[in-house]
Ligand SMILES: Nc1ncnc2c1ncn2[C@@H]1O[C@H](COP(=O)(O)OP(=O)(O)OP(=O)(O)O)[C@@H](O)[C@H]1O
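Numbering (full-length UniProt numbering), first residue to last: 1 to 347.
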């Protein structure tokens with residue numbers, strides 16, 4: 001009973017400032033979508049509006065075609081069949097795990113048998129059975145987060161909203177928890193909106209990512225499409241590891257600004273000021289693409305398991321490159337880039 005979500009023309013101001021401006025977002029049933037953006041870009045506000053905890057000033061929100069918010073008709077938060085998982089878990093400290101899970105169900109006039117069945121299913125899929133009689137304070141952070149997710153699942157939501165659900169967990173646990181959480185929502189085929197400011201997390205969990213800047217969605221696409229063709233330099237700067245180099249394009253040749261470095265062939269790039277996106281993994285030996293050769297000075301190197309991540313000074317600008325070895329700091333390094341990978345964004 002998973003639902004599609006459509007937000008159209010959402011406007012919201014807070015403290016006299018526009019936080020969301022004419023925002024549109026359309027999510028298919030069963031899809032997992034991340035809202036990715038810097039702090040203050042409006043992600044949490046949008047999530048709270050979808051949940052019904054905050055009202056927009058304008059717009060339309062439908063769940064599976066049913067209006068849940070418009071200027072004329074509003075469905076209360078508790079009637080929207082939306083579950084929410086917060087970073088601080090929001091469990092009731094004085095209730096056991098089982099009671100945390102069933103408390104909300106009791107107000108829904110379900111039979112005892114139905115409640116027991118939902119409780120057991122939620123405990124089962126989150127592997128919390130052995131902890132059913134514990135209190136939240138007797139559980140680890142990861143276990144508490146599983147209780148919050150189990151509580152959502154027990155309510156059989158049509159849509160689940162996650163607000164930075166992993167940010168209170170330590171690094172080692174985050175990935176395990178992320179995998180487990182996503183396996184679960186995929187198995188239950190629940191539509192998910194997932195707020196994060198962590199690009200790697202968004203890439204890992206999402207079918208599509210909505211990148212937000214100052215209350216607007218600047219790109220909405222699959223992780224792969226965003227990685228291959230970021231819409232602009234703002235989006236590219238959000239994708240981990242990319243370097244963005246300022247310069248000028250003339251006749252599909254990119255010249256780095258304030259530098260006498262050689263030019264780089266950038267097929268299809270429009271003439272004028274632009275930003276060349278360099279993905280670290282695209283660095284090749286200098287002789288691989290002689291027409292796309294650059295030279296710089298090694299500033300630092302960090303071992304990454306399969307390669308070294310180098311910071312290289314190209315004159316006034318720096319780039320990050322993956323390289324099979326670590327040249328000495330200060331050494332000169334020549335490398336090349338495949339022309340078809342050289343994306344130029346307008347400045
Ligand atoms: N109650 C409020 N009154 C006034 N301004 C608010 C209020 N709540 C949020 N804001 C402002 O609205 C903007 C968007 O906030 P929001 O929490 O939605 O951003 P966010 O992208 O979720 O950020 P973060 O990643 O830090 O949670 C911010 O500039 C914030 O300061």
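We treat Cβ as the ideally placed atom computed from N, Cα and C, and that holds for glycine.
281 is the residue among 281, 285 and 146 whose C-alpha sits nearest the C-alpha of residue 341. In the structure shown, residue 248 falls within a strand segment according to DSSP collapsed to helix, strand and coil. Judged by DSSP in its simplified three-state form, residue 307 adopts coil rather than helix or strand. Short of 8 Å from the beta carbon of residue 307, and not among the five residues preceding or following it, lie these beta carbons of its own chain, in chain order: 322, 323 and 324.
The continuous stretches of alpha helix (DSSP H) do not include residue 58, which lies in the beta strand (DSSP E) extending over residues 58–63. For residue 25, the enclosing beta strand (DSSP E) stretches over residues 17–27. Cβ contact annotation for residue 214 (same chain, cutoff 7 Å, sequence separation greater than five): 41, in chain order. The continuous alpha helix (DSSP H) containing residue 121 extends over residues 112–125. Pairwise C-beta distances place the region 60–67 out of contact with the region 11–19, as fewer than three of them are shorter than 8 Å. The Cβ atoms of residue 338 and residue 288 lie closer than 9 Å to each other. The beta carbon of residue 91 lies closer than 7 Å to those of 100, 136, 144, 147 and 148 in the same chain, with the five residues before and after it left out.
At the C-beta level, residue 50 and residue 161 come within 9 Å of one another. Within the region 214–238, the complete beta strand (DSSP E) segments at least 3 residues long are 216–221, listed from N- to C-terminus.
Here the region 308–322 lies against the region 233–249, with 3 or more beta-carbon pairs under 8 Å apart. A distance criterion of 8 Å places the beta-carbon of residue 104 beyond contact range of ligand 1, judged by its closest non-hydrogen atom.
Secondary structure note for residue 320: its beta strand (DSSP E) is the uninterrupted segment 318–323. For residue 14, the three-state secondary structure derived from DSSP is strand. Non-local beta-carbon contacts of residue 261 in its own chain, meaning distances under 7 Å to residues more than five positions away in sequence, involve 294, 295, 314 and 315 in chain order.
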